[in-house]
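One structure below.
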Amino acid sequence: MSRLKQADKVDSLAGFRTTKPEPTVPLGLLKAARKSGQLNLSGRRLTEVPQNVYRLNMDTPEEAQDVSFGGSDRWWEQTDLTKLLLSSNLLTQLSDDVRLLSGLTTLDLHDNQLSSLPSTLGELKGLQQLRLSHNQLSSLPRELFTLKNLCSLSLQQNLLEDLPEELGQLENLTELDLSNNHLKELPSSLSCLTNLQKVSLHHNKLTSLPEGVSHLRKVKVLDCSSNQLF
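Structure below.
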C-alpha cells in the first residue's frame, strides 16, 4: 500500500477514534507498585499527582483493570501502597484524595512547590515518615498533628514563622527537622515530645527555647546554630 493510501486510511478512521491522553505515570510502574506496596515517582516533573495513583488501593476488579492487570494477576492479592515517593517534582498542591492511600507509612514530598497541605492528610493514621522539606509552606493543617504514629517529620527549608501547640501531640516523634525556616519561637508543647532523639532548629530566628526542652532525655542531637539565642 502506498504512503498516500495509508494516510487516507488513517484519516478515514480518525473520526471514529477516541483520543486518550497518555498517562503521566507508566502503567507498568503502577502495576508493580500494586504488588510491592512502593511507588517511586521522584524527579518526573509532575505538576500534579495523577488520579490513578490516588486510586491505586481500590481493590475491586473494575479498578484493578484500570491499571492493566493481566489474566495471571489476581486483584484480591494486591498490596496496599505503603511508600510513596514524590520528591523533586513541580507539585504545587496535593489533592484531598490523598486520604484514599490509607495504608501509607512513608510519604516523601520534599523538593516541590507546595504552599499548602490538605486537611485530609490527617486521615493517614499509619503514617510514620513525612518529608516536606524544600517547599513553600507557611502554615500546616492542624489535622497533621493528629498523626500519632509519626516518627520522622522533616520541614526544613520552608516559610514557617510559627507552629501550633498541637505539635506536642506527635508523641512518637524521634526526628524533627525545622531548620531553615523563619521561626521566632517554639510552642511550649515541644517538651511533650519525650521520644525525640534528633532535633534540627538551625537557621531560624529563635531568641529562646521552651523551658521543658532540657527534660527531653532521649535527645542525642540538638542543633540550634545560626539563631539569635543568647
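Taken in order, the sequence shown gives residues 7 to 236; the numbers are from this note's numbering. Glycine residues also receive a C-beta, built at the ideal position from the N, C-alpha and C atoms.
Neighbourhood of residue i by C-beta distance below 6 Å, restricted to the same chain and skipping five residues each side
| i | result |
| --- | --- |
| Glu-28 | In this predicted model, Glu-28 has a pLDDT of only 43, less than 50, meaning its place in the structure is not dependable; the value taken from the coordinates is given anyway. Nothing meets the Cβ criterion. |
| Leu-115 | Leu-92, Leu-138 |
| Tyr-60 | Asp-103, Leu-106 |
| Leu-222 | Leu-202 |
| Ser-42 | none |
| Pro-147 | Leu-123, Ser-125 |
| Asn-118 | Asn-95, Leu-97, Asn-141 |
Per-residue burial, residue i [other beta carbons within 10 Å of its own, 16 or more giving buried]
| i | result |
| --- | --- |
| Thr-88 | buried |
| Ser-185 | buried |
| Gly-174 | buried |
| Val-55 | buried |
| Gln-163 | buried |
| Phe-151 | buried |
| Ser-139 | buried |
| Gln-84 | buried |
| Val-227 | exposed |
| Ser-220 | exposed |
| Thr-206 | According to the sequence displayed, residue 206 carries Ser and not Thr. It is buried - the Cβ of Ser-206 has at least 16 other Cβ atoms within 10 Å. |
| Leu-110 | buried |
| Arg-40 | buried |
Cross-strand partners of residue i (DSSP beta bridge)
| i | result |
| --- | --- |
| Leu-91 | Asn-46, Asp-114 |
| Asp-229 | Ser-206 |
Cα-Cα separation between residue i and residue j, rounded to whole angstroms
| i | j | result |
| --- | --- | --- |
| Leu-202 | Leu-156 | 11 Å |
| Thr-98 | Ser-160 | 18 Å |
| Ala-38 | Leu-133 | 21 Å |
| Met-64 | Lys-131 | 18 Å |
| Glu-172 | Leu-166 | 15 Å |
| Ser-48 | Ser-94 | 6 Å |
| Ser-108 | Leu-215 | 35 Å |
| Lys-224 | Glu-177 | 13 Å |
| Glu-181 | Lys-204 | 5 Å |
| Leu-96 | Leu-33 | 21 Å |
| Val-73 | Leu-235 | For Val-73, the predicted model reports a pLDDT of 49, less than 50, meaning its position is unreliable; a value from the coordinates is still stated below. Their backbone Cα atoms lie some 54 Å apart in a straight line. |
| Asp-168 | Asn-58 | 35 Å |
| Leu-192 | Lys-211 | 10 Å |
| Leu-35 | Ser-145 | 33 Å |
Beta-carbon proximity list for residue i, same chain, < 8 Å, skipping 5 on both sides
| i | result |
| --- | --- |
| Ser-100 | Before going on, a small fix: residue 100 reads as Leu here, not Ser. Answer for Leu-100: Val-55, Leu-115, Leu-120, Leu-123, Pro-124, Leu-127, listed in chain order. |
| Leu-199 | Leu-173, Gly-174, Leu-176, Glu-177, Leu-179, Leu-182, Leu-222 |
| His-188 | Leu-165, Leu-166, Glu-167, Asn-210, Lys-211 |
Contacting residues, own chain, Cβ-Cβ under 7 Å from residue i (five flanking each side not counted)
| i | result |
| --- | --- |
| Ser-232 | His-208, His-209 |
| Asp-195 | Correcting the residue type first, residue 195 is Ser in the shown sequence and not Asp. Closer than 7 Å at the Cβ level, and outside the excluded window around Ser-195, lie Glu-171, Leu-173, Gly-174. |
**OP:** Note down, one range per segment and in chain order, each beta strand (DSSP E) of at least 3 residues found wholly within the region 101-185.
**Re:** 112-114, 135-137, 158-160, 181-183
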